[in-house]
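Novice:
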Amino acid sequence: MDDRMVRVVGILIDSFFPLLKAGLMFTVPLTIISFSLGMIVAFTAAIIRVLNIRILDKIVKFYVWIIRGTPLLVQLFIIFYGLPSIGITLNALVTAIIGFTLSVGAYGSETIRAAILSVPKGQWEAAHALGFSKLQTLQYVILPQAIKVAIPPMANSFISLVKDTSLAAAVTFSELFNVAQQITARTYEPLWLYMEAAFIYLMFCSVLSVLQSRLEIRFRKSGD
Amino acid sequence: MIRIENVYKSFDNLEVLKNINLTVEKGEVVCIIGPSGSGKSTLLRSLNHLERITSGRVYINDELVDERNGNGDAHKFSPKRVSEICSELGMVFQRFNLFPHMTVMENVMLASRKVKKLSKDEAAENALELLEKVGLTDKKDQYPAKLSGGQQQRVAIARALAMKPQIMLFDEPTSALDPELVYEVLDVMKSLADEGMTMLVVTHEMGFAKEVADRVVFMDNGEIVEINSPENIFSNPSHERTREFLSRIL
Ligand SMILES: Nc1ncnc2c1ncn2[C@@H]1O[C@H](COP(=O)(O)OP(=O)(O)O)[C@@H](O)[C@H]1O
Ligand SMILES: [Mg+2]
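Quick mapping for you: the protein sequence lines, in order, are chains Y and D. Under our numbering, the first residue of the first sequence carries the number -10, and numbering increases by one thereafter. Under our numbering, the first residue of the second sequence carries the number 486, and numbering increases by one thereafter.
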């Protein structure tokens, strides 16, 4: 082995645990928190759309339009670098959580809405005829069926989110990719370090893919 | 028990019900027959707010359940009142519309638990009684997809009965069934009629209408053409349109 190789291998080994740690301590929690909050937003927004609740319906449409029509990176910049000029200063973590939550909420609301609309109209009618209110119908009859439809696309967006959190590096949040950038700045080995970062993302996503297929099998078995 | 007065219903510019007047007494079984698209389902659905009428009045037990004066605003009902109205009416659909993610037992129990707020034990006891009545006690833990069409429709009847409605509405309950499964559903309906249940039944089963109905309503093109006893309507209808329809299907 020549000296260059020895040096690179040394750097890769030294940086593996800092990168993995950044992944486990920041990327993973950021993903889980944003996704959970995003799901709450998504369900709320989808239900508002489906029940056609007057003014709220318009607000939700506007929100989805803005979030889906602008780049996530630009949204993060506006929150982190833009808002301080009107007196709202948020730290990198809060910025990232808000940005990703809004994103998951907007895309997720469309997925959930589509899943709700995929449940046959006869289900609503049967529940209505039994005396259920619209909310009760959603709770007991429609959502349990819609969730089965929504799980595969939701699992996909969860996996996407793991990778999208790397955008938080651009607003100085020290997650996996940001740490890779820092080490690169010190060591001048961008090819190898970014490859190593990519490898850790790949590991995370592979684990999630396995979990995803287990989850889907389980949901296909239950019920009908 | 049901009183329908001067009811009109339009979808956009399509007039689907035209000046409907019909009264159903307690304990009566009234069958509605007529060609497809004549407004039979819409009439049934106007009783429990699945459709709102364009004009006229509908009463159940002398209490208003829908009203509108032509272009005026529809009468406003609170969600609670709508739920009450629906609880007085059981409805059975052509396509069963059972809840596929619940067992037979859960299907039958759900409304008595969540709408009537019965305890779990009361609801279960009630559900078992009804499943026995429709002959499906042994299927109580199955999911609907595992049942035949006839069995599903009997569960749907039990589910509607669980709310202890005063009136049962049937919208072509046997039209989606294989011919050999029709009788088991009709049998359940006959026994309900024998017990004195007030029933409004849209059907193409003329044998059932002949045997069970107190009166038969013939609808065509959004109008009630004729209301008559089963004997008269099938052997001696008073309208040419009724005669034509019956000669086409019998
Ligand atoms: N939701 C709706 N929107 C528009 N037209 C409808 C709707 N429901 C029913 N119709 C029309 O109303 C007419 C009567 O329908 P329906 O009451 O279902 O008749 P039937 O049950 O006698 O076959 C048909 O022409 C049908 O196409
Ligand atoms: Mg019909």
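Built from N, CA and C at the ideal position, the CB exists for glycine as well.
Secondary structure at D/E669, three-state DSSP: helix, strand or coil?
Specialist: As a working mapping, residue 669 of chain D is identified with position 184 in the second sequence. Helix, per DSSP.
Novice: Leaving out the 5 sequence neighbours to the left and right, which residues in its chain are closer than 8 Å to Y/W181 when beta-carbon positions are compared?
Specialist: Position 192 of the first sequence, counted from the first residue, corresponds to residue 181 of chain Y. Closer than 8 Å at the Cβ level, and outside the excluded window around Y/W181, lie V(-3), I0 and L1.
Novice: Within its chain, find whatever has a CB closer than 6 Å to the CB of Y/V199; leave out the 5 residues flanking it on each side and keep chain order.
Specialist: Position 210 of the first sequence, counted from the first residue, corresponds to residue 199 of chain Y. Excluding positions up to five away in sequence, the list is empty.
Novice: Look at the alpha carbon of Y/P141 and the alpha carbon of Y/L65, and state the distance between them as a whole number of angstroms.
Specialist: Numbered from 1 along the first sequence, position 152 holds the residue referred to as residue 141 of chain Y. Numbered from 1 along the first sequence, position 76 holds the residue referred to as residue 65 of chain Y. For Y/P141 and Y/L65, the distance between alpha carbons rounds to 27 Å.
Novice: In this structure, what does DSSP give as the bridge partners for D/R542?
Specialist: Along the second sequence, one-based indexing puts residue 542 of chain D at 57. Looking at the DSSP assignment, D/R542 forms a beta bridge with D/E490 and D/E552.
Novice: Following the continuous beta strand (DSSP E) through D/T506, name the residue where it begins and the one where it ends.
Specialist: As a working mapping, residue 506 of chain D is identified with position 21 in the second sequence. Looking at the sequence provided, one finds Asn at residue 506 of chain D rather than Thr. Its beta strand (DSSP E) spans residues L499 to V509.
Novice: Exposed or buried, what is D/T727 when buried is set at 16 or more other beta-carbons lying within 10 Å of its beta-carbon?
Specialist: In the second sequence, the residue the question calls residue 727 of chain D occupies position 242. Flag for D/T727 reads buried.
Novice: I want to check one thing, is the minimum distance from the CB of Y/V164 to the heavy atoms of ligand 2 below 7 Å?
Specialist: Here the question's residue 164 of chain Y lines up with position 175 in the first sequence. The sequence shown places Glu at residue 164 of chain Y, rather than the Val named in the question. Not so, every heavy atom of ligand 2 lies at least 7 Å from the Cβ.
Novice: DSSP state of D/I570, grouped into three classes?
Specialist: If you number the second sequence from 1, residue 570 of chain D lands on position 85. D/I570: helix per DSSP, three-state reduction.
Novice: Of all the residues that make up the region 116 to 146 of chain Y, which are near chain D by a beta-carbon distance shorter than 9 Å?
Specialist: The region 116 to 146 of chain Y vs chain D, Cβ under 9 Å: A116, H117, A118, L119, G120, F121, S122, K123, Q125, Q128, Y129, V130, P133, Q134 and K137.
Novice: Determine the chain Y residues that contact D/S572 at a beta-carbon separation under 9 Å, and present them in chain order.
Specialist: Along the second sequence, read from residue 1 onward, the residue named residue 572 of chain D stands at position 87. Near D/S572 (Cβ distances below 9 Å), the residues of chain Y are L119 and G120.
Novice: Residues of chain Y with CB closer than 7 Å to the CB of D/V600, please, in chain order.
Specialist: By 1-based counting over the second sequence, the position of residue 600 of chain D is 115. Chain Y residues near D/V600: L119, G120 and F121.
Novice: Taking 7 Å as the cut-off, does the CB of Y/E114 come closer than this to any heavy atom belonging to ligand 2?
Specialist: On the first sequence, position 125 is the one that residue 114 of chain Y refers to. No, the Cβ of Y/E114 stays beyond 7 Å of every heavy atom of ligand 2.
Novice: Whose Cβ in chain Y lies nearer than 7 Å to the Cβ of D/N582?
Specialist: Counting from 1 along the second sequence, the entry for residue 582 of chain D is found at position 97. By Cβ distance, chain Y contributes G111, Q112, E114 and A115.
Novice: Pull every residue with its beta-carbon under 5 Å away from any heavy atom of ligand 1, and keep them in chain order.
Specialist: Selection output, chain order preserved: D/F496, D/V501, D/S521, D/G522, D/S523, D/G524, D/K525, D/S526 and D/T527.
Novice: Taking just the CA atoms, how far does D/T688 sit from Y/D213?
Specialist: Against the first sequence, residue 213 of chain Y aligns to sequence position 224. Against the second sequence, residue 688 of chain D aligns to sequence position 203. Any reading at Y/D213 must be qualified, since the residue scores a pLDDT of 47, below 50, and its modelled position is unreliable; the value itself is stated next. C-alpha separation (whole angstroms): 30 Å.
Novice: Can you name the start and end residues of the alpha helix (DSSP H) that D/E617 belongs to?
Specialist: As a first step, residue 617 of chain D is located in the second sequence; it is residue number 132 there, counting from the start. Element bounds for D/E617: K605 to K618.
Novice: Report the residue from D/N498, D/I505 and D/K494 whose alpha carbon sits nearest the alpha carbon of D/E711.
Specialist: Within the second sequence, numbered from 1, the residue matching residue 711 of chain D stands at position 226. Checked all of D/N498, D/I505 and D/K494; the closest Cα to D/E711 is D/I505.
Novice: Measuring CA to CA, which of Y/R(-7), Y/F15 and Y/L19 is closest to Y/F147?
Specialist: Mapped onto the first sequence, residue 147 of chain Y falls at position 158. Nearest C-alpha to Y/F147: Y/L19.
Novice: Could you tell me the distance, in whole angstroms, from the CA atom of D/L613 to the CA atom of D/S597?
Specialist: Here residue 613 of chain D refers to the residue found at position 128 when the second sequence is read from its first residue. Here residue 597 of chain D refers to the residue found at position 112 when the second sequence is read from its first residue. Going from the Cα of D/L613 to the Cα of D/S597 covers about 13 Å.
Novice: Around the Cβ of D/D623, are there at least 16 other Cβ atoms within 10 angstroms (buried) or fewer (exposed)?
Specialist: Translated into positions along the second sequence, residue 623 of chain D becomes position 138. Exposed.
Novice: For a contact defined as C-beta to C-beta under 8 Å, what are the partners of D/H560 on chain Y?
Specialist: As a first step, residue 560 of chain D must be located in the second sequence, where it is residue number 75. By Cβ distance, chain Y contributes nothing, its closest Cβ being about 18 Å from D/H560, past 8 Å.
Novice: Just checking my contact of D/L654 with D/G575 at CB under 8 Å: how many whole Å lie between their CB atoms?
Specialist: The residue given as residue 654 of chain D occupies position 169 in the second sequence. The residue given as residue 575 of chain D occupies position 90 in the second sequence. Confirmed, Cβ separation roughly 7 Å.
Novice: Starting from D/M576, find everything on chain Y with Cβ-Cβ shorter than 7 Å and list it in chain order.
Specialist: The residue you call residue 576 of chain D lines up with position 91 of the second sequence. Per Cβ cutoff of 7 Å: A118.
Novice: Between Y/D213 and chain D, is any beta-carbon pair separated by less than 8 Å?
Specialist: In the first sequence, counting from the first residue as 1, residue 213 of chain Y sits at position 224. Note that Y/D213 scores a pLDDT of 47, beneath 50, so its modelled location is shaky and nothing firm can be said.
Novice: So what does DSSP say about Y/L61, is it helix, strand or coil?
Specialist: By 1-based counting over the first sequence, the position of residue 61 of chain Y is 72. Of the three classes helix, strand and coil, the one that applies to Y/L61 here is helix, per DSSP.
Novice: In terms of DSSP beta bridges, what is D/E708 paired with?
Specialist: For the purposes of this step, residue 708 of chain D is identified with residue 223 of the second sequence, where counting begins at 1. DSSP lists D/D705 as partners of D/E708.
Novice: Grab me the residues of D/S495's own chain with a C-beta within less than 7 Å of its C-beta, minus the 5 sequence neighbours each way, in chain order.
Specialist: Counted from its first residue, the second sequence places residue 495 of chain D at position 10. For D/S495, where only same-chain residues beyond five positions count, the Cβ hits under 7 Å are V501 and T539.
Novice: Helix, strand or coil: how does DSSP classify D/M648 here?
Specialist: Numbered from its first residue, the second sequence carries residue 648 of chain D at position 163. D/M648: coil per DSSP, three-state reduction.
Novice: Once you ignore the five residues that flank D/K675 on each side, which residues in its own chain have a CB closer than 7 Å to its CB?
Specialist: The sequence position of residue 675 of chain D within the second sequence is 190, counting from 1. Cβ within range, chain order: V697.
Novice: Between D/P650 and D/S572, which are expected to be in contact by the criterion C-beta below 8 Å, what is the C-beta distance as a whole number of angstroms?
Specialist: On the second sequence, position 165 is the one that residue 650 of chain D refers to. On the second sequence, position 87 is the one that residue 572 of chain D refers to. That belief holds up - the Cβ atoms of D/P650 and D/S572 are roughly 7 Å apart, short of 8 Å.
Novice: Using DSSP with H/G/I as helix, E/B as strand and the rest coil, what is Y/T126?
Specialist: By 1-based counting over the first sequence, the position of residue 126 of chain Y is 137. Helix.
Novice: Counting along the chain, where does the beta strand (DSSP E) carrying D/L685 start and finish?
Specialist: Position 200 of the second sequence, counting from 1, holds the residue named residue 685 of chain D. Run containing D/L685: T683 to V687, per the beta strand (DSSP E) assignment.
Novice: For D/A596 and chain Y, any beta-carbon pair shorter than 8 Å?
Specialist: If you number the second sequence from 1, residue 596 of chain D lands on position 111. It does: the Cβ of D/A596 has a partner Cβ on chain Y nearer than 8 Å.
Novice: Do Y/I68 and Y/V49 count as a contact pair if the criterion is CB distance below 8 Å?
Specialist: Within the first sequence, residue 49 of chain Y is the residue found at index 60, counting from 1. Within the first sequence, residue 68 of chain Y is the residue found at index 79, counting from 1. No, these two residues do not count as a Cβ contact at 8 Å.
Novice: May I ask you to report which of helix, strand or coil DSSP gives D/L654?
Specialist: Here residue 654 of chain D corresponds to residue number 169 of the second sequence, with the count starting at 1. Strand at D/L654.
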